[in-house]
Every structure is written in structure tokens, then in C-alpha cells.
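Have a look at the structure below before the remarks.
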Ligand SMILES: Cc1cc2nc3c(=O)[nH]c(=O)nc-3n(C[C@H](O)[C@H](O)[C@H](O)COP(=O)(O)O)c2cc1C
Ligand code: SF4
Ligand code: SF4
Ligand code: SF4
Ligand code: FES
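As C-alpha cells, then:
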């Protein structure tokens, strides 16, 4: 294993480890643009040049593998000069867009300029190469060719990660520009990652553009619930509004995020977000809605069933299980576990669109209940008069409900989720607003963290269930999410 | 001394064969491949494409245990301004290249060779195809070469018109069907070249020297030229001399001899001002420096320049150095592949500075900026094209600063010193 020194500090690394990676292990950040840990090395930006003692030329740290005995200098005068020079080259044709650029505040050019250069421009603005700006390419992205520093990260992402190869570098020299191949669209399901990895403001998200200066954003680490993959994410928000969701790269699950997952936040602040109950088709205040629901439950005289949901957290499913067992006193509680799990596109998106089938299994293990087939047959036979479930899970019993004619009571966050024919709908706080425990397809525990707060009166689902139980005459004694988790083995 | 490469009456297969052609191939096929390589090493033959890397050594870098195909590629892209020797060689002695490639293929264990020829050389490509056809018909190329059991197929591939495709790894990209852009090295082509397989790339002139070396022995070849710069070299001379053209001379020939004896001196009324001794990419020499230098790898390096491709560009007193550098900068700006930041941005910047200076609109500060921008490009890129812009630029400014200053002051530097 090669032993080298970096700025005098010794380190031993495995064969094949580059100087940039070795430096990173010592906490030394070598500036870079084209390098990305998950993409092939292209070595084109020349920002990562470092000195190796006794070598005639500087080398690119991103592409040079450590070899025994190398004495690497990352802060020598030669290296500093090279960085300044490369930055100057990058900036000569760069537009003066910072005041209107979304990247400002998290821009590779701004950051390294402040750290490594601070030189005055020697290039007349009128000589700058002009390129196309504001090119809408695909449903999610806009490209500004003038801001591009031609690091080719975006090109490599599309050829190596999504393998769709829509992008290419056209032309040569300082007239080079990133372009879509003829007849192609940039809609590969992962396109917003491009806006993340673009080190400058060349690619911007159509969704995020001009909405918010990045330095105002607060960041909350959480989990995507778009499918069973359960990618780790970071939600960026300010003043109780979410502006974007970005990945929290990790070795276990994800470096990237899919476009659909990123857009899941939209539902939270959508116009059809429920803050009240719905009875038949009419909105009514929460308390009367709960009262109405409780009386329909009463009327059913025990002909009740509850279906848990893989879209809900462990806590919320546990609350539903308790509702069935302790308040409604029915053994007809179940889940549908028929969905197959596994990454379906070789990248991230899971065959199972629900985030928590594995968590639901833990709840079933703790509370028992019937099989889905039995429950379904009972609903279809008309033996069940009232079914309580979550809006998306209700679809699993669509035919049975039609056949048996049970009254459907659902929990829904958005009005558009409410299934046709639902009798009563109760709102609940989404997992952008409340903590919840999920278990992804790999069996890894994932917890959401609230980034924003729900509308007045809108409570987590377990708390709604608690209230509903009270209206039906039983106390489940659920005071906190912790209470709901009691008795469940998450392992 | 007899010419090895530029000979008369060898343009056709009959003529070449009558003059002893393909004798070396027969001899080589009876030798062990490693011995062929050893002979080329002993000859001291160095790459004639510009970098001067020892040819035999390059061949020996092909990993001995490499499985699968290996390739031999001839670089006939000849696109550097002032360089026109390979073309002449192809026209006058195509079979020296073909024979040299079959021998090299045997030495490195390649069964496929490509001649990557500059796109504009349409007639030369046709000629090569025709001569290849003739050589194939005689069993010198193709299956079972001369009954030896060795298969070697040779293809002519026409480039599409980019100077950068002369850089060996950009050439490989282009040959594979991609945009011609130099690759990061390592890995070097000997390990991972064409289609990922071990590959040797040599210049036309390098490969064409191989048959004579095998025929007469490495020691014979090494006896010509200087100890470190062995053999003969093609010098292509352009500019206001009486007899511009391609000359084959032993390495180490004094520039003065090339100019006065072979090229018939400067044209009537023209006075030597400067020389680009190895093509447009090499640092310029003043007349005095040139007249004192010998044309070989070491002597030119000691004089602060390079032998390069052997393109000797003669500049006389009536030519404006600013204008000349502007022409070069326009070329490199146009030809930079655009991958590396310093080259992509620097070439254009330098051209813009020169446009301003040449038009009499520049300032003294622009001259300094020009020099430091070139300096900032030097040695920091994937391929040496950036250096090829930077080196002449820096040497022009250093050695002819007066002319740049005259331009900055709004005057032309020409002999009349006229206002612009
Ligand atoms: C920009 C650039 C252009 C080049 N053009 C040519 C060329 O046209 N022909 C050539 O033989 N070598 C050219 N070279 C040199 C090749 O990269 C390579 O060194 C050479 O083909 C190796 O052959 P040799 O060892 O026989 O010289 C060029 C290099 C650069 C950087
Ligand atoms: S658009 Fe962004 S990611 Fe793509 S090459 Fe330009 S700077 Fe790099
Ligand atoms: S793959 Fe699944 S978990 Fe990951 S971002 Fe997309 S929807 Fe979310
Ligand atoms: S130095 Fe210039 S031509 Fe060579 S790879 Fe870099 S950008 Fe391309
Ligand atoms: S990060 Fe190494 S060259 Fe770009």
C-alpha cells in the first residue's frame, strides 16, 4: 500500500486511491470542479493541480494515483499560482450574473475566487464570449451556456448514471457549449441532479429558479417517501415554506434523488391541502367531522375493519392497529403486503411506490390481525359496515368496497387523494411536518424530521386516531409519537 | 550520404521492390519480434512526430502478457502549420511506410494497423489505398504475410479536419468514432490505447525509417546524425528562401548549412530575422541564435527551442512578429479542443490581445498580460497544445518585445516603422 505525505503529513492508502481522495482523508480540501466522486474522472478543469516534490510539472490530484514515496504539496506557491491562474481563465468569459444567479451563495466560482484568488479582472467585459442564456431544456431544467465552465459533469451524469446520453459538448475551444443531442429532451427521471452537481449556475431548476436566495434557506435532514427506496434528503425551507429537496449522499442508499421524489414536497403546500374534515363532499370543521365519524362507527355495531397503510409511518400504523384492537374492538385489522420491492431501474426508483411496507410488517408483528385476503373477502361480502384506512391504501380494497358497500373513512393529507365514494375524510400532518419512522426496502430505519409546521389544528395521524377513539368512547392514551411506538420491535 | 526516405523511382511497388524494398520485411519475419524491437532500439531512432520519444523503447512498453488484440497506428494527420514532410514522404515513398508498419506490427504483436491520414489529403489517401492494394496482392500485407503465418491487415482512415486529432490520444478517440479530444494520461496508449487495447502510435517518418534499419542494421543507422540524435530527418523549409522544400539530412546538420547550402540562402533582398526551427509550436530563435545552432534534439533544446516536427519556418526582416504571432494564435484558438480550462480560455484570450495590439489599440500592459497569460497555460493541460500556443507566444514577446511595444504605441514594427 502506497505511503505518501501530503503537506508533510504521512498517510497510507490503498492502491488506486488518488491524491485528491487521499488528501480528503486527511481533511485537506483540494479545490475541484470537474471531479465528482460518483462520476468518471475527466481531468479537464485543472483546478486541482498539486505539486509533487521533484516532479517537473504540477499534476491533477483528481486523476493522479498515490505512489509510494510521493511528497505532495497542496499549498505551495506554485500550486497557489496555478489555482489563481485557472480561476482567472474560468472567469474571463464568465458573465457578470451573480446578482441574478440562483447559484450565488453556493457557487464554486464565487467560493474558490474568495478563497484562492481575489484578483482584479484583466479582461475587458466587452470581449467576453457571448452564449445562449435561458434555454429551457426538459421539464425541470434551464441552461445558461454563458455561465457554464465546461466541467462536463452534466454530460457524464447523463452518460454514466442515467445512461441516456442526451447531452454533449458542441464545438471547440472557447466556443464550446453544452447542448442537447438533436431530437432529444432532458427528461430522464433524474434530471434535477444535474442542477445539483453543476458547480456554477449554468443548470438551474425551473422549480427553484428565482424563488429564494440560498443563504436564507434553512436545511432539515429527512427522508424521501416517494418509494420504498427511502433516499436520504435535505429539505430547504424558509418561513414555513419548502423551496426544494436535495439529496443527502450516503453510502447505503443514495447519492442522487429522482425527479419525482424531489417534487413530493409540492403536495404539502398545494392548494388542495386539507386542514379540515370532509364529510361526503363538504368541508367541515375538524371537531364536527370527528363527531360525525365516531357516530358512523357507533352505528356499525362492531362490523368494523381497519386497513393499515405502507404510506404511513410506523407510529401512525401502530395507532391504527390500536384503534382497531382497543377502541373498535375488531380483529379485522390488516395490511396488504403484495407489492414487490427492489430498485427497478438500476438507479434508485423502487418497484414499490410506498415507503414503508417493511415498517408495516413490524406493526403487524406486534399487533397481529387478519390476513389481507380475509379482510378483503369480509369487506366484499358486506360483513363490514365501516372501513377505516388511509386514502391511498383504500385503493387496495376498491373492488371489495364496491361489492360490499361498506362506509369508507379515510385519513388524507390532500383532497386529491380522497377516493371516490369516501364517506368521511380526516386530515393529518404530512411527514414534512411531523416526525415519523419508516423502514426502507433494505431494512434500514429512516426517520423524517419536520421542516415546516402544519396548519392550525392539523395533527399527526396518530393524534387524530387518538381523538377519534376518544369520540368513540375509548382512550388509547397516545400522548406522543413515542407512545405509539411502544411494543414495536423495529429491528 | 544517400537518402533513406526521400528517394527517386520508389513511388510504385515495382520501383520500390527493384530498389531492395520488402527485403527488410522478409528479414524481420525471420527474426524474433523482440529482436526486431531491439534492433530499432539500437538504431537510436526517435519519434519524428514532434516529441522525439525513442521508437524502440515505445514499442517495448506494450505489456508482454497482454491478451487480446493490439494495434499499430500511423499518425499521418500532419496538420501543424509549416509541416509538410509526411505528405511528401507518402507521395514519394509510400511503401517505406507500408513495409515499416508490417515490420512494426510483427515486432509489437499487432495484427491490425491503421494509417490515420489528414482529411484534406484526399489524393494521398487514394494513392495509399492503391499502393496497399498492390502490396496486398503481392502478399506483403494481409493474411499470412510472405508465407510466415503472420496476419497483418492495414487500413487507411481519413480524418475529418481537426489539428488536435494529430495528438495521439485524440487521434485514437477520432479513430474510434468519437469527437477528437486528447485523453488523460496515464494510462498511456501502450497499455490502453485503441478500443482499450495496447497500441503503438508512430509518425509516418518514424515508421518509414524502420525498413532501412532492419535491412542495414541499427548500428548503421546510429552511425548517422549525432550520438543522441541518430539518423536522418526530413526538414521542411518554408519562407523567403530560394529553394523552400523538404530536405532529408542527417540530424545535427547546422542550420546555416540547411539555409545556405540546401535552400540556396535567403531570397534576393530578404534578410533573416528569426526562425521557428521545429514548426509553429516551437519557441522562436533570433537570426543570430539560429545561425549558431545545429538541428538536432539536444542542440535545439540547449538553444531554448525544439526540433519538433522538423518544420523550419524562416522569418525575414520585412515580416511583422506581432502579425505573425496573431496568425498563430488564431490557429491555436481555432484548434484547441476546449477541454482544459487554461487552453480553452487562454488561446482565445491571447488572440484577442494580439488582435488589439496588431490593430494598434493595445497597451504596454496588454503585452505583459499576453506574456503572463501564456505563462499560465504552460505545462498545466491534458495535452501539449496549450504549450504549443504558449511557447511561441512567450518567446516572441521575450525576443521581439520592441515590435510589440511599437504596436502598443500605435506604430507598425515594419522596417518603415510607419504609423498604423
Ligand atoms: C496538438 C498536437 C498535434 C500533433 N500533431 C501530430 C501530427 O500531425 N503528426 C504526428 O505524427 N504527430 C503529431 N503530434 C504528436 C503525437 O501526439 C505523437 O507524439 C506522435 O504521433 C508519436 O509518434 P512518434 O513517436 O513517431 O513521433 C501532435 C501532438 C500534439 C499535441
Ligand atoms: S453546465 Fe454545469 S455541469 Fe454542465 S459542463 Fe457546464 S458547468 Fe459543468
Ligand atoms: S428513488 Fe424513491 S426514495 Fe429516492 S428520491 Fe426517488 S422517490 Fe424518493
Ligand atoms: S491542451 Fe487544449 S487541445 Fe489539449 S486537451 Fe487541453 S484543451 Fe484540448
Ligand atoms: S478536479 Fe481535477 S482536473 Fe478538474
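Chains as they are written, first to last, in my numbering: chain A, 1 to 491; chain B, 492 to 911. Each residue gets a CB set at the ideal place from its N, CA and C atoms; glycine is no exception. Model, not experiment: these values are computed from the prediction.
Residues of its chain near residue i, where Cβ-Cβ distance is below 8 angstroms and the 5 sequence neighbours each way are ignored
{"i": "residue 49 (chain A)", "result": "58, 59, 60, 61, 79, 82, 83 and 86"}
{"i": "residue 485 (chain A)", "result": "314, 315, 318 and 437"}
{"i": "residue 97 (chain A)", "result": "144, 146, 147 and 201"}
{"i": "residue 174 (chain A)", "result": "93 and 129"}
{"i": "residue 878 (chain B)", "result": "772, 868, 869, 870 and 872"}
{"i": "residue 242 (chain A)", "result": "235, 236, 265, 268, 269, 432, 451 and 452"}
{"i": "residue 116 (chain A)", "result": "31, 80, 83, 84 and 87"}
Per-residue contacts from residue i into chain B (C-beta, under 8 angstroms)
{"i": "residue 123 (chain A)", "result": "840"}
{"i": "residue 93 (chain A)", "result": "836 and 839"}
{"i": "residue 141 (chain A)", "result": "The premise fails here: residue 141 (chain A) is roughly 22 angstroms from chain B at the closest Cβ pair, so nothing lies under 8 angstroms."}
{"i": "residue 362 (chain A)", "result": "Result: empty, since nearest Cβ-Cβ is about 49 angstroms, beyond 8 angstroms."}
{"i": "residue 371 (chain A)", "result": "Neighbours of residue 371 (chain A) on chain B: none; closest Cβ ~55 angstroms, over 8 angstroms."}
{"i": "residue 176 (chain A)", "result": "829 and 835"}
{"i": "residue 207 (chain A)", "result": "The premise fails here: residue 207 (chain A) is roughly 31 angstroms from chain B at the closest Cβ pair, so nothing lies under 8 angstroms."}
{"i": "residue 57 (chain A)", "result": "870 and 871"}
Proximal residues to residue i (C-beta, below 6 angstroms), its chain only, five neighbours per side dropped
{"i": "residue 532 (chain B)", "result": "547"}
{"i": "residue 786 (chain B)", "result": "744 and 746"}
{"i": "residue 47 (chain A)", "result": "31, 32, 33 and 86"}
{"i": "residue 674 (chain B)", "result": "660"}
{"i": "residue 575 (chain B)", "result": "727"}
{"i": "residue 12 (chain A)", "result": "1 and 3"}
{"i": "residue 183 (chain A)", "result": "none"}
Coil, strand or helix - residue i by DSSP
{"i": "residue 177 (chain A)", "result": "strand"}
{"i": "residue 55 (chain A)", "result": "coil"}
{"i": "residue 770 (chain B)", "result": "strand"}
{"i": "residue 902 (chain B)", "result": "strand"}
{"i": "residue 256 (chain A)", "result": "coil"}
{"i": "residue 237 (chain A)", "result": "strand"}
{"i": "residue 94 (chain A)", "result": "coil"}
{"i": "residue 660 (chain B)", "result": "helix"}
{"i": "residue 907 (chain B)", "result": "Confidence at residue 907 (chain B) is low in this model, with a pLDDT of 49, below 50, so its placement is unreliable and the value that follows should be read with caution. Three-state DSSP puts residue 907 (chain B) in coil, outside helix and strand."}
Rounded Cβ spacing between residue i and residue j (contact assumed at less than 8 angstroms)
{"i": "residue 442 (chain B)", "j": "residue 706 (chain B)", "result": "Beyond the ends of chain B as shown, which are 492 and 911, falls residue 442 (chain B); an answer cannot be given."}
{"i": "residue 587 (chain B)", "j": "residue 527 (chain B)", "result": "About 16 angstroms separates the two Cβ atoms, so there is no contact after all."}
{"i": "residue 723 (chain B)", "j": "residue 742 (chain B)", "result": "7 angstroms"}
{"i": "residue 1 (chain A)", "j": "residue 21 (chain A)", "result": "Their Cβ separation, rounded to whole angstroms, is 14 angstroms, which puts residue 1 (chain A) and residue 21 (chain A) out of contact at 8 angstroms."}
{"i": "residue 397 (chain A)", "j": "residue 387 (chain A)", "result": "7 angstroms"}
{"i": "residue 841 (chain B)", "j": "residue 815 (chain B)", "result": "So it is not a contact: roughly 13 angstroms between Cβ atoms."}
Chain-ordered neighbours of residue i on chain B, where CB pairs are closer than 7 angstroms
{"i": "residue 43 (chain A)", "result": "675 and 873"}
{"i": "residue 63 (chain A)", "result": "675"}
{"i": "residue 173 (chain A)", "result": "824, 825, 827, 829, 835, 838 and 839"}
{"i": "residue 49 (chain A)", "result": "871"}
{"i": "residue 163 (chain A)", "result": "Per Cβ cutoff of 7 angstroms: no residues; residue 163 (chain A) is ~17 angstroms from chain B at best."}
{"i": "residue 130 (chain A)", "result": "Here the premise fails: no neighbours, minimum Cβ distance about 13 angstroms."}
Strand pairing of residue i, partner residues [DSSP]
{"i": "residue 352 (chain A)", "result": "None; residue 352 (chain A) has no bridge partner."}
{"i": "residue 60 (chain A)", "result": "A:49"}
{"i": "residue 727 (chain B)", "result": "B:737 and B:802"}
{"i": "residue 562 (chain B)", "result": "B:603 and B:690"}
Neighbouring residues, chain A, relative to residue i (Cβ below 9 angstroms)
{"i": "residue 867 (chain B)", "result": "81, 82, 84, 85, 86, 88 and 89"}
Same chain, Cβ closer than 7 angstroms to residue i, five either side skipped, listed in chain order
{"i": "residue 682 (chain B)", "result": "554 and 689"}
{"i": "residue 152 (chain A)", "result": "34, 42, 44 and 169"}
{"i": "residue 782 (chain B)", "result": "746 and 747"}
{"i": "residue 704 (chain B)", "result": "530, 531, 534, 536 and 712"}
{"i": "residue 16 (chain A)", "result": "65"}
{"i": "residue 622 (chain B)", "result": "504, 585, 586 and 589"}
{"i": "residue 652 (chain B)", "result": "610 and 611"}
Residues that residue i contacts on chain A, provided the C-beta gap is smaller than 7 angstroms
{"i": "residue 860 (chain B)", "result": "122"}
{"i": "residue 528 (chain B)", "result": "Within 7 angstroms Cβ-Cβ: nothing; residue 528 (chain B) doesn't reach chain A, min ~27 angstroms."}
{"i": "residue 660 (chain B)", "result": "Residues of chain A passing the Cβ test: none, with the nearest at roughly 12 angstroms."}
Residue i: contacting residues in chain A (beta-carbon distance under 8 angstroms)
{"i": "residue 683 (chain B)", "result": "Going along chain A, no residue has its Cβ under 8 angstroms from residue 683 (chain B), so there is no contact; the nearest lies around 14 angstroms."}
{"i": "residue 843 (chain B)", "result": "127"}
Contact list for residue i against chain B, beta-carbon separation under 9 angstroms
{"i": "residue 150 (chain A)", "result": "829, 830, 832 and 835"}
* Please list, following the chain, all residues that have a C-beta closer than 7 angstroms to any non-hydrogen atom of ligand 6. => With respect to ligand 6, the structure offers nothing, as its ligand set consists of ligand 1, ligand 2, ligand 3, ligand 4 and ligand 5.
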